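One structure is given below, encoded as structure tokens.
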Amino acid sequence: MSMTAFILFIAIVGLTLVITYFAAKKTSNASDFYTAGGGLTGFQNGLAIAGDYMSAASFLGIAGMIALNGFDGFFYSIGFLVAYLVVLYVVAEPLRNLGKYTMADMIAARFKRPAIRGVAAFNTITVSTFYMIAQLVGAGALIKLLLGIDYWIAVLIVGVLMTIYVVFGGMIATSWVQITKAVLLMLGTLIISLLVFAKFDFSLLKMFEQMKTATPLGEAFLHPGNKYDVPLETLSLNLALVLGTAGLPHILIRFYTVKDAISARKSVLSATWIIGIFYLMTVFLGFGAAAFVGTDAITAADAAGNMAAPLLAQALGGDLLFAFVSAIAFATILAVVTGLVLSAASAFAHDFYSQIIRKGKASEREQVKAARFASIGVAILSIILALFAQSLNVAFLVSLAFAVAASANLPLIIFTVFWKRFNSTGAIAGSLTGLLSALLIVSLSPSVWDPSGAAIFTGEPLIPLSNPGIISIPLGFLAAYLGTIFSSEKADEDTFTEIQVKAHTGMHMDTD
Amino acid sequence: MADKNVHYKKVAASKDFRKLLEEKRRFIVPMTIFFFLFYFSLPVATSYFTFLNTPAIGAITWAWLFALTQFVMTWVLCGLYAKKAAQFDKYVSALKTESRGDDE
């Protein structure tokens, strides 16, 4: 490990611990812990959303995918961005108006049955855990490559840091770690993009012209179909990408950190600008890596292409830029896993403990204590799972998290706010069907079964589709619909009227 | 609070609230249908056809230009919503003023 890299890593750890120290002083009650007291501005939260969302899978994964597959890698960039229109148009403002700390709060505002809160909380934990295992396994492998330390030590370092941030600093520390990371990531990506662009004399025409001969793919590099040559797979992936974001609990809880629906809207607007500019720059990262590092060197360092961006930094700016980009990748991982720990822990502590077990009667001190214990529990569990999953190819867990979010959470959120007849039977049916169908399809898919042993189990996959979304998302919505119309349960119109007024005006929040 | 339902029913029945919902629906439903069609026309076109592989400007193909318009589309639709939402906010603050008047 180079001295520069070591110093930069320590600097990031130091900075985030300072943030946590100040955040801990300001964290006294449950609202501080779960939502930073709702005290962020729209722009700050927009940055934090960007920091929460742009994971190592985005920064390193997409750069690698574009470098190795050309256009097909860019599908992720587009889907990840367009998804924010769903968040802006249908989810962010009603969620802010109806909920308090968790995604389940919003659903429970309409349906009082504890079972429904339980199901929504369970989905939150499932999605966040899948996402976290993928991040931690990736983090371990990446830090191992970057710093030359053992996988288990790398996982442990990330695991301990995320636990410290959340346990001591709650959402305040989480938010500022994410904001710091977003600024660093944008800065690093901008520097590399400009260096790449300079190499092509700041001419897009020249860049595309040269890419026709820069890779073994030849001209096909610029054409779609190198990675996704099965149409159904491409459509399924795109469907999960565009609908999944609006159901990701760790993104949704970010909207509680601002004071009202107008600020929630401003958060999405800022986030969309930041995230969009970032994903546009992934083209420069991918093209640059393909042209100046080369396919062979990229796959030699990591078969999936995850080292493309750091190697590109090295090729363009030597050890200093390599160290800088590696440190940014480290900060990126930390910011995302921290958000995931908080979202899973709040489902345990707020939904299961405070609301279901204590029926909302837990004191502020008990709530904060429960949240801290839950955070430690979630972190330990994820670290153990990540240590066991080292040799497994778990990259598919991120797209599975998006698919579950879109199949199980989104129908629940949309119908709760917009459908008068929706009832608790439909809510449970839709949520469980979405979750179980996505899990079942993936467990029989090529992501889990591969005849040559490249997946978790060796054998023929029963379902040829890697991305379950195109089946499980319609099933989730359909089950929510059918469950509602076939149950004898009558819709509670008074509650829906109340929910409608609250969701669209937020007027109840002024008098609380 | 016994009059809670009465209160929400009254707001829900008010002219401003009906107008708010109606205007939201008139904006969000067609816009959502539009961006879904626009978004999915890219993977559909790249999966089933090859016409996007033809060069548009130099070596830049239509596929890349179409991909770029997805970004522009997202930002434009965000901007349009922000403008429209400023009108929604007017209804909301009118409703809040009315309801405060009722309380007193």
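Read top to bottom, the protein sequences are chains A and B.
Position one of the first sequence corresponds to residue 1 (this note's numbering), numbered consecutively onward.
Position one of the second sequence corresponds to residue 1001 (this note's numbering), numbered consecutively onward.
Don't be surprised by glycine CBs; every beta carbon is placed ideally from N, CA and C.
For clarity, every value in this text was computed on a predicted model and none was experimentally measured.
Item to check | At least 3 beta-carbon pairs within less than 8 Å: the region 252–266 of chain A vs the region 157–165 of chain A | outcome: no
Checklist entry - Buried or exposed: which applies to aspartate 351 of chain A, given that a residue is buried once 16 or more other Cβ atoms fall within 10 Å of its Cβ? => result buried
Checklist entry - If you draw a straight line from the alpha carbon of methionine 281 of chain A to that of isoleucine 10 of chain A, how long is it in whole angstroms? => result 27 Å
Checklist entry - So alanine 1056 of chain B packs on leucine 222 of chain A, CB below 8 Å; how close in whole Å? => result Not confirmed; about 11 Å, so no contact.
Next on the checklist: Using CA atoms only, rank isn't needed, just tell me which of B:Tyr1081, B:Phe1051 and B:Pro1043 is closest to glutamate 1023 of chain B.
Outcome noted: B:Tyr1081
Next on the checklist: Counting only C-beta atoms, is threonine 41 of chain A closer than 8 Å to chain B at any point?
Outcome noted: no
Checklist entry - Cβ atoms of isoleucine 1028 of chain B and valine 513 of chain A: under 8 Å apart, would you say? => result No answer is possible for residue 513 of chain A: the residues shown for chain A start at 1 and end at 512.
Checklist entry - What does glutamine 500 of chain A reach in chain B if we use C-beta pairs closer than 7 Å? => result Ala1012
Checklist entry - Which one of A:Val137, A:Val167 and A:Thr338 has the shortest CA to CA distance from asparagine 393 of chain A? => result A:Val137
Checklist entry - What does glycine 1101 of chain B touch in chain A if you count any residue whose Cβ is under 7 Å from its own? => result For the C-beta of glycine 1101 of chain B, not a single chain A residue is nearer than 7 Å; the gap to the nearest is close to 12 Å.
Next on the checklist: Could you pull the DSSP bridge partners for valine 1076 of chain B from this structure?
Outcome noted: Looking at the DSSP assignment, valine 1076 of chain B forms no beta bridge with any residue, so it has no partner.
Checklist entry - Going along chain A in order, which residues have a C-beta closer than 9 Å to the C-beta of isoleucine 1057 of chain B? => result By Cβ distance, chain A contributes Leu204, Leu205 and Phe208.
Checklist entry - With a cut-off of 8 Å, does the C-beta of isoleucine 1060 of chain B fall near any C-beta of chain A? => result yes
Item to check | Residue environment, glutamate 1104 of chain B, which counts as buried when at least 16 other CB atoms sit within 10 Å | outcome: Note that glutamate 1104 of chain B scores a pLDDT of 49, beneath 50, so its modelled location is shaky and nothing firm can be said.
Checklist entry - With C-beta atoms as the reference, is glycine 61 of chain A less than 8 Å away from asparagine 306 of chain A? => result Yes, Cβ-Cβ distance for glycine 61 of chain A and asparagine 306 of chain A is below 8 Å.
Item to check | Coarse secondary structure for phenylalanine 75 of chain A, derived from DSSP in three states | outcome: When DSSP states are grouped into helix, strand and coil, phenylalanine 75 of chain A belongs to the helix group.
Checklist entry - How should aspartate 512 of chain A be labelled, buried or exposed, when 16 other C-beta atoms within 10 angstroms of its C-beta is the threshold for buried? => result Because the pLDDT at aspartate 512 of chain A is just 46, under 50, the model does not fix this residue reliably, and the value given afterwards should be weighed accordingly. It is exposed - the Cβ of aspartate 512 of chain A has fewer than 16 other Cβ atoms within 10 Å.
Checklist entry - Looking at the unbroken beta strand (DSSP E) that takes in alanine 1056 of chain B, where does it start and where does it end? => result 1055–1057
Item to check | Whether alanine 403 of chain A touches serine 472 of chain A by CB criterion (8 Å) | outcome: yes
Next on the checklist: If I measure Cβ to Cβ from valine 167 of chain A and keep anything under 7 Å in the same chain, skipping five residues before and after, which residues do I get?
Outcome noted: If we look at valine 167 of chain A and ignore the five residues flanking it on each side, its Cβ neighbours are Arg372, Ser375 and Ile376.
Next on the checklist: Does valine 1072 of chain B pass the burial test, meaning 16 or more other C-beta atoms within 10 Å, or should it be called exposed?
Outcome noted: exposed
Checklist entry - Exposed or buried, which one is tyrosine 1048 of chain B when buried takes at least 16 other CB atoms within 10 Å? => result exposed
Checklist entry - Can you tell me whether alanine 1013 of chain B is buried or exposed, with buried defined as 16 or more other CB within 10 angstroms of its CB? => result exposed
Checklist entry - For proline 1030 of chain B, which residues in chain A fall below 9 Å Cβ to Cβ? => result In chain order: nothing, as chain A lies at least about 11 Å away.
Checklist entry - Does the beta-carbon of alanine 115 of chain A have 16 or more other beta-carbons within 10 angstroms, so that it is buried, or is it exposed? => result exposed
Next on the checklist: Can you list, in chain order, the residues of its chain with a C-beta nearer than 8 Å to that of threonine 1046 of chain B? Leave out the 5 residues immediately preceding and following it.
Outcome noted: Leu1052 and Ala1063
Next on the checklist: Going by C-alpha to C-alpha distance, which of A:Ala323, A:Ala405, A:Gln390 and A:Ile485 sits closest to alanine 455 of chain A?
Outcome noted: A:Gln390
Item to check | Under 8 Å between C-beta atoms of leucine 312 of chain A and glycine 288 of chain A | outcome: yes
Item to check | Alpha-carbon spacing of glutamate 298 of chain A relative to tyrosine 131 of chain A, whole angstroms | outcome: A quick correction: the sequence has isoleucine, not glutamate, at residue 298 of chain A. The alpha-carbon atoms of isoleucine 298 of chain A and tyrosine 131 of chain A are separated by roughly 25 Å.
Item to check | Where the region 481–495 of chain A meets chain B: residues whose CB sits under 8 Å from a CB there | outcome: Asp494
Checklist entry - Are the C-beta of leucine 1095 of chain B and some C-beta of chain A separated by less than 8 Å? => result The beta-carbon of leucine 1095 of chain B is placed less than 8 Å from the nearest beta-carbon of chain A.
Checklist entry - Buried or exposed: where does leucine 243 of chain A fall if 16 or more other Cβ atoms within 10 Å of its Cβ makes it buried? => result buried
Item to check | Alpha-carbon to alpha-carbon, threonine 102 of chain A and alanine 24 of chain A | outcome: 21 Å
Checklist entry - How about glycine 99 of chain A: is its C-beta nearer than 8 Å to some C-beta of chain B? => result no
Checklist entry - Roughly how far, in whole angstroms, is the beta-carbon of valine 368 of chain A from the beta-carbon of alanine 246 of chain A, given that I think they are within contact range, below 8 Å? => result With 8 Å as the limit, valine 368 of chain A and alanine 246 of chain A do not qualify as a contact, their Cβ atoms being about 29 Å apart.
Next on the checklist: Which same chain residues end up closer than 7 Å to leucine 385 of chain A when comparing Cβ atoms and leaving out the 5 residues on each side of it in sequence?
Outcome noted: Ile133
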